[in-house]
Each structure stands twice: as C-alpha cells, then as structure tokens.
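Engineer: In my numbering, the protein residues as written are 3 to 271.
For glycine and all other residues, C-beta sits at the position ideal for the given N, C-alpha and C.
Structure below; questions to follow.
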C-alpha cells in the first residue's frame with residue numbers, strides 16, 4: 003500500500019498544530035501555576051504575620067497559641083493554593099479534597115490520643131488553670147510548672163525530679179493550684195493535757211507569730227480549741243502567708259511551737 007504524500011503532509015501538519023496547541027495550553031497552565039504558587043506563598047506569609055501580630059494585641063494571649071494558630075492559617079492558605087494549582091491542569095479538585103478528607107480522617111483516628119493532647123493543650127493555654135512557675139497538684143502529678151506545650155506539660159517535683167505529664171491528663175482532672183491566689187493557710191495543732199491552761203496556750207501560740215513579717219496580719223493569726231478527747235484538748239494555730247514563704251514559715255513555727263512547750267515542761271520539772 004503506497005503512502006499518499008499529500009495525506010502524509012496533512013497528517014504531519016495536523017499533528018504539529020495539535021502539539022502547538024497543547025504546548026500553548028500547558029504553557030499558560032504552568033505559568034499560571036507558578037504565579038499562583040508565588041502569590042500564594044507570599045499571601046500565606048502575610049496572613050501568618052498579620053494573625054500573629056493581631057493575636058499579640060489580645061491581652062494575656064499565650065505565645066504558644068499565637069504561633070500555633072498563625073501556622074495553621076499559613077498552612078490553610080498553602081493548601082488552598084495547592085488545590086487551585088491542581089485545578090489549573092484540569093484535575094478534579096473535588097476528588098482531591100475528598101481524598102484529603104479521607105486521609106485526614108484516617109490520620110485522626112490513628113493519632114486520636116495525640117490529637118486529644120493537642121486539644122487539651124490548647125484549652126490549658128487558653129483558660130490557664132496553671133501557669134509557668136506555679137506549684138500545682140493534678141491527680142498524682144505534683145510540681146512546679148516549667149513549660150506548657152501543645153502535647154505535654156513539663157513540671158519539676160519538690161524533690162527536683164523531672165515530670166512530663168500528657169496534657170489530656172491535666173485537663174481531665176481537678177487542678178489544685180497552690181500559687182494562684184497569692185496566699186496559703188496553714189494549721190499547726192498540738193494536744194494540751196487536762197491540767198494545762200488552754201487559754202494561756204492559745205495566747206502563747208499567737209505570740210509566736212508576732213513580729214514575723216512573712217505572716218499576714220489580715221486575716222489575723224488565731225489559736226483555738228479544735229478538738230476534744232477524754233484526756234486532751236487539741237489546740238490549733240491558724241495563720242496565712244504567701245505561697246513563696248509557706249515552707250519556711252511552717253518549718254519555723256513548728257520548731258518554735260516545739261521549743262515553747264519543751265521549755266514549759268522543763269520549767270515545770
């Protein structure tokens with residue numbers, strides 16, 4: 003079968019026209035995609051900086067949350083730009099979004115515990131039941147808060163032990179914050195025998211607190227009979243101090259109470 007030169011030339015010419023059309027079409031698509039990527043990258047950076055600066059104007063808004071939300075906004079813009087770029091090449095973006103959603107659901111189920119810690123971290127940073135430098139007790143976790151992250155919170159126990167607690171553990175249990183209110187109360191109780199003067203004991207206990215500037219005058223220290231048994235009366239000294247002074251004042255008053263009654267017993271003998 004002989005090849006007709008005229009038909010061959012026509013076929014080649016048609017192919018060249020089609021190739022030229024494809025090159026022109028995809029050239030515009032590539033140029034448009036590049037422009038979208040460049041503009042999207044710039045816009046994502048601007049959105050991140052604007053949101054970071056805007057949240058900084060909110061009083062008390064945590065620095066970690068500012069960074070987290072500004073990064074989320076940046077990646078959201080970049081994700082939208084990526085979908086738009088795919089649309090430039092004729093890809094069905096609805097299918098892409100559905101696939102991304104399915105992948106996100108699968109990842110969410112696989113990382114359920116991690117995402118729970120992130121959600122708890124956001125709530126801890128937003129509502130601030132505990133802050134850096136505060137001494138807290140949450141369930142079996144006790145210590146001074148050193149860092150609150152999105153996944154876990156780092157604390158230092160009273161004996162210096164390093165403690166890393168998952169945020170979900172801290173969020174789902176009652177928090178005892180020994181620092182937040184700025185004052186702490188302490189009670190020191192002793193047992194007075196049946197032959198001892200309870201009124202005099204109360205006066206002596208209150209006198210121990212006089213002159214100690216670490217002890218608050220309001221509420222004023224007080225001593226009172228707190229319990230009664232067949233052979234003794236429990237007398238309690240109650241006072242208030244700052245959380246920072248609490249351990250030292252407790253130790254000093256405990257030692258002072260012991261010395262006071264030890265001296266009385268020695269004098270009686």
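Could you spell out the range, first to last residue, of the alpha helix (DSSP H) harbouring residue 201?
Structural biologist: On the chain shown, position 199 is the one that residue 201 refers to. From DSSP, the alpha helix (DSSP H) with residue 201 extends over 200 to 211.
Engineer: Return the CA-CA distance between residue 162 and residue 149, expressed in angstroms with no decimal places.
Structural biologist: By one-based count along the chain shown, residue 162 stands at place 160. By one-based count along the chain shown, residue 149 stands at place 147. Taking the straight line joining both Cα atoms gives about 15 angstroms.
Engineer: Would you mind sorting residue 183 into buried or exposed? The rule is 16 or more other CB atoms within 10 Å of its CB.
Structural biologist: By one-based count along the chain shown, residue 183 stands at place 181. Classification of residue 183: exposed, given that the 10 Å Cβ count is below 16.
Engineer: Is DSSP giving residue 258 helix, strand or coil here?
Structural biologist: One-based indexing of the chain shown puts residue 258 at position 256. DSSP places residue 258 in helix when its eight states are reduced to three.
Engineer: Within a Cβ cutoff of 6 angstroms, which residues of the same chain sit near residue 137, ignoring the five residues on either side of it in sequence?
Structural biologist: Translated into the one-based positions of the chain shown, residue 137 becomes position 135. Counting only Cβ-Cβ distances below 6 angstroms, and skipping sequence neighbours, we find 146, 180, 181.
Engineer: Roughly how many angstroms lie between the CA atoms of residue 249 and residue 118, to the nearest whole one?
Structural biologist: Walking along the chain shown from the start, residue 249 turns up at place 247. Walking along the chain shown from the start, residue 118 turns up at place 116. So the two alpha carbons sit approximately 36 angstroms from each other.
Engineer: Using a Cβ distance threshold of 8 angstroms, determine whether the stretch 159 to 173 contacts the stretch 190 to 210, with at least three qualifying pairs required.
Structural biologist: no
Engineer: Report the three-state DSSP secondary structure of residue 175 (helix, strand or coil).
Structural biologist: Within the chain shown, residue 175 is the residue found at index 173, counting from 1. Three-state result, residue 175: coil.
Engineer: Given this structure, state the Cα-to-Cα distance separating residue 85 from residue 155, to the nearest angstrom.
Structural biologist: Indexing the chain shown from 1 puts residue 85 at position 83. Indexing the chain shown from 1 puts residue 155 at position 153. For residue 85 and residue 155, the distance between alpha carbons rounds to 36 angstroms.
Engineer: Leaving out five residues before and five after residue 58 in sequence, what residues of the same chain have Cβ atoms less than 8 angstroms from its Cβ?
Structural biologist: Position 56 of the chain shown, counted from the first residue, corresponds to residue 58. Cβ neighbours of residue 58 beyond the five flanking positions: 68.
Engineer: Taking contact to mean 3 or more Cβ pairs, one atom from each stretch, closer than 8 angstroms, check whether the stretch 256 to 265 and the stretch 224 to 233 are in contact.
Structural biologist: Because the criterion of three Cβ pairs below 8 angstroms is not met, the stretch 256 to 265 and the stretch 224 to 233 do not touch.
Engineer: Does residue 83 pass the burial test, meaning 16 or more other C-beta atoms within 10 Å, or should it be called exposed?
Structural biologist: In the chain shown, residue 83 corresponds to position 81, counting from 1. Under this definition residue 83 is a buried residue.
Engineer: Among residues of its own chain, excluding the 5 on either side of residue 143, which ones have a beta-carbon nearer than 8 angstroms to its beta-carbon?
Structural biologist: Residue numbering aside, residue 143 sits at position 141 when the chain shown is read from its first letter. So the qualifying residues of the chain are 157, 165, 167, 171, 172.
Engineer: State buried or exposed for residue 135, treating a residue as buried only when at least 16 other CB atoms are found within 10 Å of its CB.
Structural biologist: Your numbering for residue 135 matches position 133 in the chain shown. It counts as exposed.
Engineer: Tell me residue 192's beta-bridge partners as DSSP assigns them.
Structural biologist: Mapped onto the chain shown, residue 192 falls at position 190. 237.
Engineer: Quick one, which of 241, 233, 42, 196 has its alpha-carbon nearest residue 215's?
Structural biologist: In the chain shown, residue 215 corresponds to position 213, counting from 1. Of the candidates 241, 233, 42, 196, the one whose C-alpha sits nearest the C-alpha of residue 215 is 241.
Engineer: DSSP on residue 224, reduced to helix/strand/coil?
Structural biologist: Residue 224 sits at position 222 when you count from the first residue of the chain shown. Here residue 224 sits in strand by DSSP.
Engineer: I think residue 116 touches residue 70, with their Cβ atoms under 8 angstroms apart; what is that distance to the nearest whole Å?
Structural biologist: Within the chain shown, numbered from 1, the residue matching residue 116 stands at position 114. Within the chain shown, numbered from 1, the residue matching residue 70 stands at position 68. About 14 angstroms separates the two Cβ atoms, so there is no contact after all.
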